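In the working numbering, the protein residues as written are -4 to 335.
This report concerns only the one structure given below.
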Ligand code: GAL
């Protein structure tokens, strides 16, 4: 390679790397607050996940719209709204968000469809497969009594969709409810889900095209009744933040650590600090986004559910900083960066 080309490449790489790093001190921090897009409309993206792709952050979440009602005949607070599908928003700085439309539309009037408005479509997470060049969305699919307990998958050639729904599965015959996906540096991807009637979590290696579970899976946090998983990597270690199982009501988070995604995992204490830390600031984990992973800086995303009016649920986005004592999520200490 000649020197001129090498210099150009260096400049390009440096710029590309710089574009990836959002200033940690200027992140939009929310604690039970609404979030608006750049046209002033309320962002509707609950149980969300974020994909960072080619310098752009894509936020995907559950569209919660309409009257909240209580499913009759359940022994727990099965409040719900019609499944509204999955929304997508994009941003270059995590501050200004553009609405990209409905990434996965629900079907209407077809009660036997997994993605009918009468069903449950929750906790979507999207990863990019560099080999197939497809964007793959995994989500929790259920019937309104939450007895179906399956993982659904959809694909798209574009990050903003439209995603085409491919179907649902119980990985290795195992129940799957609250879930997330994690893509490792080596390109391997994992589905992490509450299983065994929510008593035990499982981590399952996905196929190389990310479209199906493989037979390689492990049982983790056995009989700990954890849900709302959010996985991230710091250095060579893997971290998993989860909540307890108390439906829409808040509880205390914990984090777990492993040397490999399939475990073994060891559970530690609560990463939250400050007022209401014992209730995760009245929110429930959904995703941890690397902001500057080399410096141990992440953004913790959580939902502050309003169970009697789910459409009015709000967002809690707080900094997560790795320390010698593990991940620390402090209560909101400063005003948020102004949203544009
Ligand atoms: C929560 C779960 C939410 C939703 C809710 C239904 O525990 O994290 O995603 O499924 O239960 O009550």
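Don't be surprised by glycine CBs; every beta carbon is placed ideally from N, CA and C.
Note that the structure is a prediction, hence the values are computed from the model and not measured.
*asked:* For a test of the three-state rule: what should DSSP assign to residue 273, helix, strand or coil?
replied: Residue 273 falls in the helix class under three-state DSSP.
*Would a C-beta distance cut-off of 8 Å place residue 164 and residue 139 closer than the cut-off?*
In this structure, residue 164 sits away from residue 139, with a CB-CB distance that is not shorter than 8 Å.
*Can you say whether residue 304 is buried or exposed, counting buried as having 16 or more other CB atoms within 10 angstroms of its CB?*
Exposed.
*asked:* How far does the beta strand (DSSP E) with residue 152 in it extend, from its first residue to its last?
replied: It is not in any beta strand (DSSP E) - residue 152 carries neither H nor E in the DSSP assignment.
*Three-way DSSP call (helix, strand, coil) for residue 166 in this model*: Secondary structure at residue 166: helix, using DSSP grouped into helix, strand and coil.
*Span of the beta strand (DSSP E) around residue 40*: Taken as a continuous stretch (DSSP letters only), residue 40 belongs to no beta strand (DSSP E), as it is neither H nor E.
*With a CB to CB cut of under 7 Å and the five nearest residues on each side skipped, what residues in its chain are close to residue 25?*
Closer than 7 Å at Cβ, skipping near neighbours: 310, 311, 312, 331.
*What separation, rounded to the nearest whole angstrom, lies between the Cα atoms of residue 194 and residue 34?*
Taking the Cα positions, residue 194 is about 42 Å away from residue 34.
*So what does residue 267 bridge to, in DSSP terms?*
Bridge partners of residue 267 according to DSSP: 324.
*May I ask which residues mark the beginning and end of the beta strand (DSSP E) holding residue 121?*
That run of the beta strand (DSSP E) goes 115 to 124.
*Looking at the unbroken beta strand (DSSP E) that takes in residue 238, where does it start and where does it end?*
Taken as a continuous stretch (DSSP letters only), the beta strand (DSSP E) holding residue 238 covers 232 to 239.
*Between the C-alpha atoms of residue 250 and residue 116, what's the straight-line distance to the nearest angstrom?*
Roughly 26 Å between the two C-alpha positions.
*Is the beta carbon of residue 173 within less than 7 Å of some heavy atom of ligand 1?*
Flag set: Cβ of residue 173 near ligand 1.
*asked:* How far does the beta strand (DSSP E) with residue 178 in it extend, from its first residue to its last?
replied: Per DSSP, residue 178 belongs to the beta strand (DSSP E) from 174 to 178.
*Just reading off the beta strand (DSSP E) that residue 253 is part of, what are its end residues?*
That run of the beta strand (DSSP E) goes 249 to 253.
_Buried versus exposed, by CB contacts within 10 Å (16 or more), residue 281_ = With 16 or more other Cβ atoms within 10 Å, it is buried.
_Check this for me: beta carbons of residue 277 and residue 299, under 8 Å apart or not?_
Result yes, Cβ atoms of residue 277 and residue 299 sit closer than 8 Å.
*Under the rule that 16 or more other beta-carbon atoms within 10 Å means buried, what is residue 320, buried or exposed?*
Counting Cβ neighbours within 10 Å, residue 320 comes out exposed, since fewer than 16 surround it.
*Where do the ends of the beta strand (DSSP E) carrying residue 221 lie?*
Residues 221 to 229.
_Chain-order list of residues whose beta-carbon lies under 6 Å from that of residue 325 (same chain, five-residue window excluded)_ = The answer, listed in chain order, is 268, 269.
*Roughly how many angstroms separate the alpha carbons of residue 54 and residue 71, rounded to a whole number?*
Spanning the two alpha carbons is a distance of roughly 30 Å.
*Straight-line CA distance for residue 113 to residue 293?*
Taking the straight line from one Cα to the other gives about 35 Å.
*Cβ neighbour criterion (16 or more within 10 Å) applied to residue 192*: By the C-beta density criterion, residue 192 is exposed, having fewer than 16 other C-beta atoms within 10 angstroms.
*residue 279 Cβ short of 7 Å to ligand 1 heavy atom set*: Yes.
*Specify whether the region 171 to 179 and the region 155 to 162 touch according to this definition: at least 3 beta carbon pairs, one from each stretch, less than 8 Å apart.*
As far as the Cβ criterion goes, the region 171 to 179 does not touch the region 155 to 162, which means the pair count is below three.
*From 49, 68, 225, 81, residue whose alpha carbon lies closest to that of residue 59*: That would be 81, whose Cα lies nearest to the Cα of residue 59.
_Unbroken beta strand (DSSP E) run spanning residue 106, endpoints_ = Note, residue 106: premise wrong, no beta strand (DSSP E); not H, not E.
*Check the C-beta distance from residue 253 over to residue 237 and give it rounded, since I have them as a contact under 8 Å.*
In this structure residue 253 does not touch residue 237 by the C-beta definition: roughly 13 Å separates them, more than the 8 Å allowed.
*By DSSP, does residue 20 sit in helix, in strand, or in coil?*
Residue 20 falls in the helix class under three-state DSSP.
*Could you give the residue range of the beta strand (DSSP E) that holds residue 298?*
Counting along the chain, the beta strand (DSSP E) containing residue 298 begins and ends at 292 to 299.
*Starting from residue 314 and walking both ways along the beta strand (DSSP E), at which residues does that stretch end?*
Residue 314: member of the beta strand (DSSP E) spanning 309 to 318, first to last residue.
*Looking only at C-alpha atoms, which of 61, 203, 180 sits nearest to residue 228?*
For the residues 61, 203, 180, the minimum Cα distance to residue 228 belongs to 180.
*Write down the C-beta distance between residue 57 and residue 79 rounded to the nearest angstrom, noting that I regard them as a contact closer than 8 Å.*
Right, the Cβ-Cβ distance comes to about 7 Å (below 8 Å), so this counts as a contact.
*How long is the line joining the alpha carbons of residue 220 and residue 212, rounded to whole angstroms?*
Answer to the nearest angstrom: the Cα atoms are 18 Å apart.
_Given 7 Å as the limit, tell me if residue 243 has its C-beta closer than that to any heavy atom belonging to ligand 2._
In the structure on display, ligand 2 does not appear, and the ligands it does have are ligand 1.
_Other residues of its chain near residue 86: CB distance less than 6 Å, five sequence neighbours each side excluded_ = Once the five neighbours on either side are set aside, the close Cβ partners of residue 86 are 52, 92.
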